[in-house]
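S.K.: Residue numbers (my numbering), protein chains in the order written: chain A, 6 to 238; chain B, 29 to 211. Note that the Cβ used here is the ideal one computed from N, Cα and C, for glycine as well. Note that the structure is predicted; figures quoted are calculated from it, not measured.
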Amino acid sequence: MAKNNESLDEIFDSMLKAALIERSMRRSANYPATETLAKTTHMSKRCDQRARRAMNWFYYKEKLDAVYRFGKKCAIIAIVTLSTTLGALLLGSQEVRASILDVIIEIYEQFLEFRNETRDRDLSEYKLELGYLPDGYSLSEEVETSLFIRKKYVNEKSETIEIWAYLNGKYAYQIDNEVYNISPCNINGYSGRVFMSKKGGSNIITWYNGDVGMYLEAYLSKKELIKIAKKIK
Amino acid sequence: MLILIFDTEEERNRFLYLHETYSLTIMNTIQRFVSDTYDAEDLYQEILILHAKHINEMDFSDYKRARNYVITLSSNLCKNYLKKQKRKIERIEFYDDADDYTGEENGPLDWVLEKDAFENLIKELDQLGDKYRMVLELKYVNGFDDDSIAKELGITKKNVQMRIYRGKALLKERLYKKAYGKK
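(1) In chain order, what residues of the same chain have a beta carbon less than 7 Å from the beta carbon of residue 170 of chain A, not counting five sequence neighbours either side?
(2) Applying the criterion that 16 or more other CB atoms from any shown protein chain within 10 Å of the CB defines a buried residue, is residue 206 of chain B buried or exposed?
(3) Using a C-beta cutoff of 8 Å, does residue 51 of chain B count as contacting chain A?
(4) Any heavy atom of the ligand SAM inside 7 Å of the beta-carbon of residue 54 of chain A?
(5) Using only CA atoms, which one of A:158, A:236, A:14 lies nearest to residue 194 of chain A?
(6) For residue 26 of chain A, go through chain B and note every residue whose CB falls closer than 8 Å to its CB, in chain order.
(7) Here's the rule: buried if 16 or more other CB atoms are within 10 angstroms of the residue's CB, otherwise exposed. What is residue 103 of chain B?
(8) Determine, using beta-carbon pairs with one atom in the region 174-184 of chain B and one in the region 50-64 of chain A, whether at least three such pairs fall under 8 Å.
(9) Look up residue 52 of chain B in the DSSP assignment and give the residues it is bridged to.
(10) Going by alpha carbons, who is nearest to residue 214 of chain A out of A:63, A:226, A:196?
(11) Which of helix, strand or coil does DSSP assign to residue 173 of chain B?
(12) Touch check for the region 64-80 of chain B and the region 52-71 of chain A: three-plus C-beta pairs under 8 Å?
(13) So if I threshold CB-CB distances at 9 Å, which residues from the region 14-43 of chain A count as touching chain B?
(14) By how many angstroms is the C-alpha of residue 192 of chain B removed from the C-alpha of residue 132 of chain B?
(15) Compare the C-beta of residue 213 of chain A with all C-beta atoms of chain B and state if any pair is closer than 8 Å.
(16) Could you name the residues of the region 175-195 of chain B whose beta carbon sits closer than 8 Å to any beta carbon of chain A, in the order they occur along the chain?
(17) By Cβ distance, which residues of its chain are closer than 7 Å to residue 159 of chain B, with the 5 residues on each side in sequence left out?
(18) Quick check on DSSP: helix, strand or coil for residue 38 of chain A?
(19) Within the 8 Å Cβ cut-off, does residue 46 of chain A reach chain B?
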């Protein structure tokens, strides 16, 4: 039924268009011929000149618009091409990619959350031991749970070295992005991150050694931290 | 594109051709509505510019069609101009044959079989108010889209669509009434 109505509407529209054209053609047919018009209709010279000027003006305006539209298209194409080429060239460089990653990490938010996944392991399989310990430090605390192992060393100045090994499942930690300078590091072939405090606080290294997630925090230099991390058994 | 930009002479000739060929027709149409010479000349400039804007929609190869296009557009713009100026139409178009319409009521079968439907539709168009006929003519005779009609008549696009809808509805209602003798 609806289709039928649509068809009727279309037929009516066609008829209406034809009727409007026919009506206007009949009207036009009643108009005087051009020769008669020349005798009966007067157009002043002033009006004629104004019309010619208007047509010239209109012609130049159209041309200017066309040039403007063409220029705009060209500019857009040039900008897109340049941006794409520049982007492709820049992304080909490792330094740029690393910088972009740093920038993204830095601007994303103040606190960075690092999510890691470790394999499910039996806690008894894993023993956490430091192969290198700076002078003056001794073990002050040791905690072993089903989720992690934590060891804490202290020296005479009450400066601490804390080491965490996350054994089971998923874990995450947040680090204040505005307090630390972040840089990549390599621990025995595994990539990690060094967080150097800007305010004289403790420094941190995190990495994943293929089995467990590691977290080392101490009031030591980057070099010393990496040395400790590399010698963890 | 560059060819289009610098394709000058032929394009310019088209605009001048429009003025040289149809100036008297446009002026004659204007003088049917506006008696003041200065007003008529001002209106002529406006109408000529509008024709120039829509020059690509005109078929110059067919003189009759092009002339019809010019007359229809010009008379509608004159009516609109007068409406805007809040003046009454000073002269009645001499070709207005609305009085010929007798309003005879034929049965629906005769109405269709006697091929009167088309003629009746033309007569109903004469009876239709200018408000509706103008938008219908600009749309179907001049090929303007709704946006262009709205711009030239100084009304909103929604208004244009509403006038087209109501104009058609009025015509249908009157034709139906004519065919069946009731609403």
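M.R.: To lay it out plainly:
(1) Beyond the five residues adjoining it in sequence on each side, residue 170 of chain A comes within less than 7 Å, by CB distance, of 131, 133, 153, 154, 217, 219 in the same chain, given in chain order.
(2) Residue environment: residue 206 of chain B is assigned as buried (16 or more neighbouring CB atoms within 10 Å of its CB, all protein chains considered).
(3) Yes, its Cβ sits closer than 8 Å to a Cβ of chain A.
(4) Judged by which ligands are present, the structure shown has none, so any question about the ligand SAM falls away.
(5) Ranking the options by Cα distance to residue 194 of chain A, first place goes to A:236.
(6) Proximity of chain B to residue 26 of chain A at the Cβ level (cut-off 8 Å) is accounted for by 96, 168, 169, in chain order.
(7) Residue 103 of chain B is buried by the Cβ-count criterion.
(8) As far as the Cβ criterion goes, the region 174-184 of chain B does not touch the region 50-64 of chain A, which means the pair count is below three.
(9) Beta-bridge partners of residue 52 of chain B (DSSP): none assigned.
(10) When each option's Cα is compared against that of residue 214 of chain A, the closest is A:196.
(11) Correct three-state label for residue 173 of chain B: coil.
(12) The region 64-80 of chain B is in contact with the region 52-71 of chain A.
(13) Correct list: 14, 17, 18, 20, 21, 22, 23, 24, 25, 26, 27, 28, 29, 30, 31, 32, 33, 34, 35, 36, 37, 39, 42, 43.
(14) Residue placement at residue 132 of chain B is flagged as unreliable, the pLDDT there being 44, under the threshold of 50; the coordinate-derived value follows with that caveat. Residue 132 of chain B and residue 192 of chain B have their C-alpha atoms roughly 26 Å apart.
(15) No, because no Cβ of chain B sits closer than 8 Å to the Cβ of residue 213 of chain A.
(16) From the region 175-195 of chain B, no residue has a Cβ closer than 8 Å to chain A.
(17) Correct list, in chain order: 191.
(18) Correct three-state label for residue 38 of chain A: coil.
(19) With 8 Å as the cut-off, residue 46 of chain A counts as an interface residue toward chain B.
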